[in-house]
Amino acid sequence: MANNTADHPPGNSVAEGNHDGDFGMTTEDLRDLMELRSAEAVNKITDTYTDVQGICRRLKTSPIEGLSGNPVDLEKRHAAFGKNFIPPKKAKTFLQLVWEALQDVTLIILEIAAIISLGLSFYHPPGGDSEACGQVAGGVEDEGESQAGWIEGAAILFSVIIVVLVTAFNDWSKEKQFRGLQSRIEQEQKFTVIRKGQVIQIPVAELVVGDIAQIKYGDLLPADGILIQGNDLKIDESSLTGESDHVRKSMEKDPMLLSGTHVMEGSGRMLVSAVGLNSQTGIIFTLLGASEHDEEKKVKKTKTQDGIALEIQPLKSEEAAESEEKEEKEEVKQVKKVNVTKKEKSVLQGKLTKLAVQIGKAGLIMSAVTVIILILYFVIDTFAVQGRSWVAECTPIYIQYFVKFFIIGVTVLVVAVPEGLPLAVTISLAYSVKKMMKDNNLVRHLDACETMGNATAICSDKTGTLTMNRMTVVQAYVGDTHYKTVPEPDAIKPETLEIMVNSISINSAYTTKILPPEKEGGLPRHVGNKTECSLLGLVLELKRDYQPIRDEIPEEKLYKVYTFNSSRKSMSTVLKNADGGYRMYSKGASEIVLRKCSRILDAQGQPRIFKPKDRDEMVRKVIEPMACDGLRTICVAYRDFPAEAGEPDWDSENDILNELTCIVVVGIEDPVRPEVPEAISKCQRAGITVRMVTGDNINTARAIATKCGILLPGEDFLCLEGKEFNQQIRNDQGEVEQERLDKVWPKLRVLARSSPTDKHTLVKGIIDSTVGETRQVVAVTGDGTNDGPALKKADVGFAMGIAGTDVAKEASDIILTDDNFTSIVKAVMWGRNVYDSISKFLQFQLTVNVVAVIVAFTGACITQDSPLKAVQMLWVNLIMDTLASLALATEPPTESLLLRRPYGRNKPLISRTMMKNILGHAVYQLVIIFTLLFAGESIFDIDNGRNAPLHSPPSEHYTIVFNVFVMMQLFNEINARKIHGERNVFEGIYRNPIFCSVVLGTFALQIVIVQFGGKPFSCTALTIDQWLWCVFIGVGELLWGQLISAIPTHHLKFLMEAGHGTTKEEIHEEELTEGADEIDHAEMELRRGQILWFRGLNRIQTQMDVVYTFQTGQAAVPGALRRQPSVVSQHNDASAGKTLSSPTHVGLSSSSSLTNSAGALPPAAAAASSSTAGN
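Throughout, our numbering is defined as the position within the sequence shown, counted from one, plus 107.
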């Protein structure tokens, strides 16, 4: 088996039909190989192919040169092994979306009502027009009119169809947009491969089997592969295996690399062995696609069972509850993976759901009352007052009346429920997301942009976000001299220079390079790690070149590499010398590397002893002054291991990284981006606190924070190092305590030398904290793999589009395509705009709802017929909902949005000012409509339209009522553009062409409906005078609006706010479970009943235990004790549970405290507290 190619006929001699024959391996062979792990895989490779080179030969690729990149060859590989593309899940067809839209309960009720109405209109009973049925049949004599009875039913059906189509189209365009976004993200993802010996970047989709890919820290592997060469490679395979520990990969032990996993440390090269659907991720996707529906059903089932299980078993200790919670979370995660669109509720969605539930309940009650009153009135009037008896032939006519009443009731309900809300939210978000692309924000999760408007804190990285991430060495300490600028090459001893240049060239990732500028006279391009680029730049400034040294010692010759990671904060590379000894080059954060140094090169280039006191002096005289200028300090060092001592134990890092000899300490400058100070002051004006979290030394961090304006002179803000921060927030057991954290974070502005865990702890602590007036909403920026946890935990995670690693982008909600902090300010502006747009829509929508419901209700009760017919109501609903959501949701943002403080989590959606506007306008509209309804005929001198019999032709009277109603809504739509009590409602109206066209379009349609709508819309044509009066009354809305805004809101204390977020009390009750999603309030309502029931059982059980304890004396103590954990764990705040003396007391006091605490709470609060058990 020496030469594997000998076993197979060369190249193309195999029949053309079988593409796999061109290569020494088939897709199946590779698939079988990739399913093996660690030792099994190594054995299989050695047994079947001798080594990885054997596989390379069969796949006709060179481990050093890579593929030729010849299009014919690439095409063959595509044919044989597939493309690196996983086809997305089939999008829902338009018909499926229509079907989903039809599932809406109100629409179903309407459809049923319309079908019954239609059926009855075609049913003509014999003798139906006889006198026996009384005056009810008054209008049926007119044969032509009775024929038109079907119109109402048909019109309702027609409008239902329109609503459904609009909703479906909206969902469809949203889905399409989302897919476009996804594919855009995918196209932008590039990967580094070697072709024809050149290192190039190609889009991930163009990878083929046989490519040699370079992998490094932070990559997300796009295909399966086999390791050819690796340095200290560690992979996070949790996305595939669920194991959170990083897996060490090496040629000898475990060379299998799987797609979808993250490189957490090290670097290397891999041979791509499976792409697309044949890769591990692809196989999982295929499985998911097949079993998606079963999976969803299964998960749903297990979830509900778990939910109940949690509440039934109150005997759990804390840990059991926690593990239970973890399991639930795992399940939720599965659901999330299967069903992409289902994300946790954002702040806004939480508030909206709550509001919609409240409105829905009110609407239901109103509509039920309307129907009952109408039916009772009719029955009493016909059978009691007129004293008629129920005759068989009159039944259909009576039933027709009941159906009519039912339709009126349903209409009230339809108008009460603001179906336009989801539409407004969707349009507003979709519009913002599109526009945000222009402002360099690529939004991955729709609701992130609206959450951003509520942000109260931003935890920002320093490098690349606040600074330009273009690092240059500006100072150096070498040969006992501190140079304030880069020294001339001849100022340094040749021996020192030689070792320094070698150390920098070899001990850095070979993917890091400095390339010539793209444009004449531009700056050289930095590729790869920016800190390393700055050191390579120093080599070039010293008139030396790093490339020849790298060519002489290629990566294969590096004996061992300790790559940089957040815990080491240094990087080292070991070379084997010709004499059998070893030399190790190291570089890293100066205070860390200097602590490991025992010697230093002096002015003669000779090592001399370097004692701790020398080190302290150096820190004081060299490193601190550099840091105070805002420079990053890096120390470069080396160590020789003599051949006589034998090979050291490379795994005991502490012994290896010791006894170093310091060569040079450099100060690297990373200039602050010019636009950052302005952006940060904007944030501070907008009430957003900016905190800087960085791995840099505290003096550097402080200097940069002052330049940016994060630290202002004369203010007592905290700057802490990670170590100190941890001492302040952790207790003696080393656990983080929220109370301690709450003392630190409000003042903290700079956290330096922080580890990823510190960043995560800080973010989680701020989010969970309840000390301020409002709860905090935190945004985090990050670019490194280590920022992943914090980005995920944050309410909004921003990843850097240029410098960010794949892991960071994966964990983020928004990608900043230009890596610039000012884009975050734009995101805040858009976020606030979304929030305001939805509030504007609500203010408008609820005015319509309040008026329409009251008019329909009172009208129906007094005149037995709703003044606004079902079809008219639906038209109002359509224009008011769909078009108004379009008009108000697309208002462009203004800078003034940044002049107010953020709303925070628990600020209500409908503020007092908005409530004042809603009720104020409702009063005006109701007065006008009731005046017209009951005195309109005398004002306009027309026939009275009240008490018209069934199927009578539409009256001018009711047409005017309808028209005035719509006119008032139209002008109120202009009022709704301002929600903070501003006077000028026309300000900036021309900047929004959509708004203008919607208002004018609606007006035109209304003219058409009134003049030509006829029977279906229950309208008759009006004269020009009547029209002018209608418009005049409508304009009155604008004047009335000025009057309302003149009333100061703070006098109207009695006005309630609505649509609150989760309140503080509820939060305490919920015990803020780690990572708990925002609660879906509609679900909560349903679960409360269950929970209270289980609670009650639990309490009875406890009390029985107590009684039992009393009866049997001390004998039953174990029983009382056994019950103890459940009670306390459910109510950690039950003070009685903390100050317990004897075991008998335990059962007693805790149970009584429980009954008291539940008794004292109002039902809602008790129910909220019950969610501790539920969640």
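We put the CB at the ideal spot given by N, CA and C, even for glycine.
Taking buried to mean at least 16 other C-beta atoms within 10 Å of its own C-beta, is residue i buried or exposed?
i	result
G1095	exposed
L1135	exposed
T592	exposed
V1115	exposed
I1154	exposed
C735	exposed
V1142	exposed
V1034	exposed
V492	exposed
N761	exposed
V179	exposed
H1158	exposed
G737	buried
W475	The residue asked about is misnamed: residue 475 is Ala in this sequence, not Trp. By the 10 Å Cβ count, A475 comes out exposed.
D920	buried
L462	buried
Whose C-alpha, out of the options, is nearest the C-alpha of residue i?
i	options	result
G695	M377, L682, I656 and I741	I741
V983	T1038, K197, L923 and F1124	F1124
I811	C790, T574, S674 and E822	T574
A752	G687, D721, N765 and G802	G687
K637	G516, L819, T618 and Q465	T618
G470	A531, I961 and F1072	I961
A320	L364, S345, G628 and V700	L364
I931	K356, I565, L665 and V478	I565
Q713	E605, S615 and R702	E605
L481	P362, I215, V510 and I193	V510
E359	R144, V316, T200 and Y505	R144
K728	L642, S788, A994 and D587	D587
T142	L347, I487, S169 and L181	The sequence given here has Glu at residue 142, not Thr. Looking at the Cα atoms, L347 is the closest of the given residues.
C826	Q840, L855, E842 and P820	L855
I'd like to confirm the pairing. Which residues does DSSP put opposite residue i in its beta bridges?
i	result
Q336	R376
F485	Partner(s): none; F485 has no beta bridge.
P714	L708
H1157	Beta-bridge pairing links H1157 to no other residue.
D361	S357
Just to confirm, are residue i and residue j a CB contact at a threshold of 8 Å?
i	j	result
E1063	I1046	no
L682	I599	no
N1082	L1145	yes
C769	F717	yes
V581	G774	yes
I805	V772	no
R376	Q336	yes
P1000	G794	no
A901	V914	no
D318	V300	yes
G891	T924	no
V1106	E1080	yes
Excluding sequence positions up to five away, which residues of its chain have a Cβ less than 7 Å from the Cβ of residue i?
i	result
T393	L384
K916	A906 and I922
Whose C-beta lies closer than 6 Å to the C-beta of residue i among residues of the same chain, with five residues either side of it excluded?
i	result
S679	Y669, M691 and S693
T388	S366 and G367
R715	D709
M607	I770 and V771
R739	I775, D803 and T807
L340	K356, G373 and G375
H369	L327, D343 and V914
Suppose the cutoff is 8 Å on Cβ atoms and the five residues either side in sequence are ignored; what does the same chain contact list for residue i look like?
i	result
W1147	G1027, H1028 and Y1031
Given the structure, does residue i come close to the ligand COA, in the sense that its CB is under 7 Å from one of the ligand's heavy atoms?
i	result
E147	Among the components of this structure there are no ligands whatsoever, and the ligand COA is therefore not found.
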